[in-house]
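Q:
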């Protein structure tokens with residue numbers, strides 16, 4: 022599809038673009054000049070055009086848990102939040118531990134026709150931590166990384182082998198850093214608030230102990246390691262002390278913006294793993310993302326149906342949604358308050374995750390794939406569950422007012438989202 026976008030503020034920090042102008046798209050690619058009459062035209066006056074956002078940590082639940090989310094509703098949530106590419110975790114039922122399930126996800130996402138969806142293959146068969154899955158076969162089926170997310174790979178020998186095998190296909194092993202022997206039955210961060218509320222806590226060492234082990238294994242094997250949803254200051258220090266080009270990490274918007282003080286309201290939409298930590302941890306995480314020590318913001322979009330969240334706090338499921346609020350929450354709370362530059366925010370949402378996961382997206386230049394999000398940075402909106410594209414309503418930001426509303430989402434040169442309308 023040929024498309025002309027005029028009068029728009031084009032912003033791509035990777036290529037140093039920050040100007041109002043016109044962008045031409047032909048056959049899904051950016052072109053400098055065009056002799057053809059474009060069938061579609063967008064007047065982007067007052068809007069910003071960014072590289073399409075890339076999320077490397079989402080849960081679309083299909084197959085197996087379609088009452089929480091489907092590939093279609095998850096894709097709708099993604100493009101409504103400005104994401105053109107999403108990598109989905111393997112804790113489905115059955116899990117993504119074979120070519121058949123990986124192929125199903127690719128085919129279904131193409132049928133839905135909104136954002137790009139890439140499967141992340143399971144490290145172990147059935148995600149049970151006992152035997153490695155057929156990683157080479159999963160890679161050939163389209164998997165872009167391997168993880169047992171939702172479960173830590175607790176067997177160190179198995180984690181070593183996974184890192185060794187991953188070198189054959191040059192993709193990262195993503196570990197969920199949680200020592201279950203330390204965190205089992207915990208409901209929130211272990212600290213003053215958990216003590217006062219009477220909840221069993223999840224200590225920060227349950228995360229940092231695995232982070233330390235994984236870093237040492239990565240250095241020993243020279244395998245690529247990606248650390249998921251970092252939440253503690255101790256983990257950041259370990260990354261700072263030992264980081265090299267084989268080790269990358271991510272943090273979520275909720276761990277950057279919320280603290281364990283939120284749990285005093287007994288709101289199960291603030292319950293997730295890892296749990297919300299202290300104000301000090303949040304400050305360290307914000308500094309790490311600002312300085313580039315942590316490369317990526319990932320949504321960890323984890324939808325649940327109401328009947329799993331509308332329970333007493335201790336009985337409610339872990340996990341929160343994130344695709345529809347990530348950009349606006351970070352733009353409002355970090356960029357507008359001077360804690361992070363817009364340049365840095367766009368990098369950690371687009372070019373950085375694309376680079377870590379070997380994906381050819383996240384930039385605007387001649388010949389590049391035309392995946393963009395167009396946002397009204399001045400527009401205000403309230404996080405209202407009745408307006409979600411996701412099936413699930415379990416956002417930690419319900420009722421919050423944010424700046425920055427996605428007006429268009431463009432994938433491969435095609436408008437797939439236009440101010441509330443989804444276009445297949």
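In our numbering, the protein residues as written are 22 to 445.
Beta carbons are placed, not taken as given, at the ideal position from N, Cα and C, and that holds for glycine.
#1: If we ignore side chains and look at the alpha-carbon of each, how far apart do residue 317 and residue 287 end up?
#2: Under 6 Å Cβ to Cβ from residue 42, same chain only, skipping five residues before and after it: list those, please.
#3: Any chance the stretch 98 to 105 sits against the stretch 423 to 432, with 3 or more Cβ pairs inside 8 Å?
#4: Would you check if the stretch 300 to 318 and the stretch 327 to 335 touch, i.e. whether three or more CB-CB distances between them fall below 8 Å?
#5: Measure the CB-CB distance between residue 351 and residue 165 and report whether it falls below 8 Å.
#6: Can you tell me whether residue 325 is helix, strand or coil according to DSSP?
#7: Look up residue 252 in the DSSP assignment and say whether it is helix, strand or coil.
#8: Which whole-angstrom value describes the C-beta separation of residue 140 and residue 109, a residue pair presumed to lie in contact below a C-beta threshold of 8 Å?
#9: So what does DSSP say about residue 412, is it helix, strand or coil?
#10: Below 8 Å between beta carbons: does that hold for residue 391 and residue 383?
#11: Would you mind sorting residue 236 into buried or exposed? The rule is 16 or more other CB atoms within 10 Å of its CB.
#12: Look at residue 239 and residue 268 and say whether their C-beta atoms are less than 8 Å apart.
#13: Per DSSP, which residues does residue 24 bridge with? Please list them.
#14: Just reading off the alpha helix (DSSP H) that residue 370 is part of, what are its end residues?
#15: If residue 90 sits next to residue 337, beta carbons under 8 Å apart, how far is it from one beta carbon to the other, in whole angstroms?
#16: Are at least three pairs of beta-carbons, each pair with one atom in the stretch 177 to 187 and one in the stretch 148 to 161, less than 8 Å apart?
#17: Would you tell me roughly how many angstroms separate the C-alpha atoms of residue 307 and residue 276, rounded to the nearest one?
#18: Could you spell out the range, first to last residue, of the beta strand (DSSP E) harbouring residue 304?
#19: Determine whether the beta carbon atoms of residue 270 and residue 248 lie at a separation below 8 Å.
#20: When DSSP labels each residue in this structure, what does residue 452 get in the three-state scheme?
#21: Given a cut-off of 8 Å, decide if residue 294 and residue 339 are closer than it, judged by their beta-carbon atoms.
#22: In three-state terms, what does DSSP make of residue 71?
#23: Closer than 8 Å by C-beta to residue 261: which residues in its own chain qualify, once you throw out the five before and the five after it? Chain order, please.
#24: Look at the alpha carbon of residue 116 and the alpha carbon of residue 129, and state the distance between them as a whole number of angstroms.
#25: Output yes or no for whether 8 Å exceeds the beta carbon distance between residue 404 and residue 421.
#26: Write down the C-beta distance between residue 322 and residue 80 rounded to the nearest angstrom, noting that I regard them as a contact closer than 8 Å.
#27: Quick check on residue 208: buried or exposed, where buried means 16 or more other Cβ atoms within 10 Å of its Cβ?
#28: Could you check where the alpha helix (DSSP H) with residue 274 kicks off and where it finishes?
#29: Throw me the rounded Cβ distance for the residue 84 and residue 122 pair, which I believe falls under 8 Å.
#30: Spatial neighbours of residue 393 within its chain, please: C-beta separation below 6 Å, excluding the five flanking residues on both sides.
#31: Sort 367, 408, 93 and 170 by Cα distance to residue 145 and report the nearest one.
#32: Suppose the cutoff is 8 Å on Cβ atoms and the five residues either side in sequence are ignored; what does the same chain contact list for residue 357 look like?
A: Taking the definition as stated:
#1: One-based indexing of the chain shown puts residue 317 at position 296. One-based indexing of the chain shown puts residue 287 at position 266. Their backbone Cα atoms lie some 29 Å apart in a straight line.
#2: As a position in the chain shown, residue 42 is number 21, starting the count at 1. Taken in chain order, the residues that qualify are 31.
#3: yes
#4: no
#5: For this step, residue 351 is matched to residue 330 along the chain shown. For this step, residue 165 is matched to residue 144 along the chain shown. No. Outside cutoff.
#6: For the purposes of this step, residue 325 is taken as the residue at position 304 of the chain shown. Coil at residue 325, not helix or strand.
#7: Against the chain shown, residue 252 aligns to sequence position 231. In this structure, residue 252 counts as coil in the three-state DSSP scheme.
#8: Numbered from its first residue, the chain shown carries residue 140 at position 119. Numbered from its first residue, the chain shown carries residue 109 at position 88. About 6 Å; that satisfies the 8 Å criterion.
#9: Taking the first residue of the chain shown as position 1, residue 412 is located at position 391. Coil, per DSSP.
#10: Locating residue 391 in the chain shown gives position 370, where the first residue counts as 1. Locating residue 383 in the chain shown gives position 362, where the first residue counts as 1. Not closer than 8 Å, so no.
#11: Within the chain shown, numbered from 1, the residue matching residue 236 stands at position 215. Classification of residue 236: buried, given that the 10 Å Cβ count is 16 or more.
#12: Here residue 239 is taken as the residue at index 218 of the chain shown, counted from 1. Here residue 268 is taken as the residue at index 247 of the chain shown, counted from 1. In this structure, residue 268 lies closer than 8 Å to residue 239 by Cβ.
#13: Counting from 1 along the chain shown, the entry for residue 24 is found at position 3. Note: residue 24 sits in a beta bridge opposite 46 and 61.
#14: As a first step, residue 370 is located in the chain shown; it is residue number 349 there, counting from the start. Segment 363 to 370, the alpha helix (DSSP H) holding residue 370.
#15: What you label residue 90 is simply residue 69 of the chain shown in a count that begins at 1. What you label residue 337 is simply residue 316 of the chain shown in a count that begins at 1. Their Cβ separation, rounded to whole angstroms, is 17 Å, which puts residue 90 and residue 337 out of contact at 8 Å.
#16: yes
#17: Taking the chain shown and counting its residues from 1, one reaches residue 307 at position 286. Taking the chain shown and counting its residues from 1, one reaches residue 276 at position 255. Distance between the alpha carbons of residue 307 and residue 276 is about 9 Å.
#18: Your numbering for residue 304 matches position 283 in the chain shown. Careful: residue 304 lies outside any beta strand (DSSP E), inside the alpha helix (DSSP H) at 300 to 312.
#19: In the chain shown, counting from the first residue as 1, residue 270 sits at position 249. In the chain shown, counting from the first residue as 1, residue 248 sits at position 227. Cβ distance < 8 Å, so residue 270 and residue 248 count as in contact.
#20: The requested residue 452 is not part of the displayed model; the chain covers only 22 to 445.
#21: The residue given as residue 339 occupies position 318 in the chain shown. The residue given as residue 294 occupies position 273 in the chain shown. Yes, these two residues count as a Cβ contact at 8 Å.
#22: Numbered from 1 along the chain shown, position 50 holds the residue referred to as residue 71. Residue 71 falls in the strand class under three-state DSSP.
#23: Looking up residue 261 in the chain shown gives position 240. 309 and 314, listed in sequence order.
#24: Numbered from 1 along the chain shown, position 95 holds the residue referred to as residue 116. Numbered from 1 along the chain shown, position 108 holds the residue referred to as residue 129. Rounded to the nearest angstrom, the two C-alpha atoms are 16 Å apart.
#25: Residue 404 sits at position 383 when you count from the first residue of the chain shown. Residue 421 sits at position 400 when you count from the first residue of the chain shown. Going by C-beta atoms, residue 404 is nearer than 8 Å to residue 421.
#26: Here residue 322 refers to the residue found at position 301 of the chain shown. Here residue 80 refers to the residue found at position 59 of the chain shown. About 6 Å separates the two Cβ atoms, so the contact holds.
#27: For the purposes of this step, residue 208 is taken as residue 187 along the chain shown, with counting starting at 1. So residue 208 counts as buried.
#28: Position 253 of the chain shown, counted from the start, is the residue given in the question as residue 274. Unbroken alpha helix (DSSP H) run through residue 274: 274 to 278.
#29: On the chain shown, residue 84 is found 63 positions in, with the first residue counted as 1. On the chain shown, residue 122 is found 101 positions in, with the first residue counted as 1. Right, the Cβ-Cβ distance comes to about 7 Å (below 8 Å), so this counts as a contact.
#30: Start at 1 with the first residue of the chain shown, and residue 393 comes out as number 372. Correct list, in chain order: 70, 73 and 431.
#31: Stepping through the chain shown from its first residue, residue 145 is reached at position 124. It is 170 whose Cα lies nearest to the Cα of residue 145.
#32: Residue numbering aside, residue 357 sits at position 336 when the chain shown is read from its first letter. Cβ within range, chain order: 424.
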